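Trainee:
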Amino acid sequence: MKILFLCHGNICRSPMAEFVMKDLLEKAGRTDIVVESAALHTDEIGSDIHSGTRRLLDLHVIAHPRRAAWLLTAAKAREYDLLIGMDAYNIADLKRLVYPEDRPKIRKLLEIAGENRDVADPWYTGDFEITYSDILKGCTALLKELP
Numbered sequence: 015m016k017i018l019f020l021c022h023g024n025i026c027r028s029p030m031a032e033f034v035m036k037d038l039l040e041k042a043g044r045t046d047i048v049v050e051s052a053a054l055h056t057d058e059i060g061s062d063i064h065s066g067t068r069r070l071l072d073l074h075v076i077a078h079p080r081r082a083a084w085l086l087t088a089a090k091a092r093e094y095d096l097l098i099g100m101d102a103y104n105i106a107d108l109k110r111l112v113y114p115e116d117r118p119k120i121r122k123l124l125e126i127a128g129e130n131r132d133v134a135d136p137w138y139t140g141d142f143e144i145t146y147s148d149i150l151k152g153c154t155a156l157l158k159e160l161p
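Taking our numbering, the leading residue of the sequence shown gets 15, the next gets one more, and so forth.
(1) Where does the unbroken beta strand (DSSP E) through valine 48 begin, and where does it stop?
(2) Output the residue ranges of the alpha helix (DSSP H) runs that lie fully inside the segment 58-141 and measure 4 residues or longer, sorted by chain position.
(3) Residues in its own chain within less than 7 Å of threonine 154 by CB, not counting five upstream and five downstream?
(4) Under the rule that 16 or more other beta-carbon atoms within 10 Å means buried, what is proline 136, buried or exposed?
(5) Taking Cβ to Cβ, would you say phenylalanine 33 is nearer than 8 Å to isoleucine 76?
(6) Under DSSP, the beta strand (DSSP E) around leucine 18 begins and ends at which residues?
(7) CB-CB under 7 Å to glutamate 143, same chain, minus the five flanking residues each way: which ones, in chain order?
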């Protein structure tokens with residue numbers, strides 16, 4: 015199974031979700047799932063994770079090797095089993111971007127946890143701790159529903 019987390023620029027929320035999910039999978043002994051993250055816009059292509067994301071991951075002792083934000087394409091989306099957006103804008107972008115037959119793979123992270131709201135965007139709020147809490151909640155719920 016391949017999971018792709020997505021947000022606007024791929025430097026705050028989606029890489030945080032990628033690394034949190036990888037950590038949860040490792041602790042659960044799951045080696046059968048590939049997890050990555052990508053951007054839906056070009057603003058930060060090539061950039062590593064935001065310093066606020068890095069700080070929170072360090073605080074929670076979650077590995078986060080250096081990486082570069084990259085832009086999702088419809089062809090690349092085909093390679094994943096789940097396309098998980100962080101907010102309503104991400105979901106709308108995904109629905110426009112992917113091939114129609116790939117739309118059933120689209121999910122909003124906190125909806126997996128039974129909440130009808132967006133993952134807080136620290137780019138605007140500056141509060142990476144709330145974002146981490148939202149992401150941990152969503153990823154924990156996702157882990158429970160994985161086959």
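Note that beta-carbon positions come from the ideal geometry of N, C-alpha and C, so glycine has one too.
Bear in mind the structure is a predicted one, so any value in this text is a computation, not a measurement.
Mentor: On the basis of the supplied data:
(1) First-last of the beta strand (DSSP E) with valine 48: 48-53.
(2) Those alpha helix (DSSP H) runs which fall completely within the segment 58-141 and span 4+ residues are 65-73, 88-91, 102-111, 123-126, 136-139.
(3) Excluding its 5 nearest sequence neighbours in each direction, threonine 154 has C-beta neighbours in its own chain below 7 Å: Leu38, listed in chain order.
(4) By the Cβ-count criterion, proline 136 is buried, with 16 or more other Cβ atoms from all chains shown falling within 10 Å of its own Cβ.
(5) Contact: yes.
(6) Counting along the chain, the beta strand (DSSP E) containing leucine 18 begins and ends at 16-21.
(7) Excluding sequence neighbours, glutamate 143 sits near Leu70.
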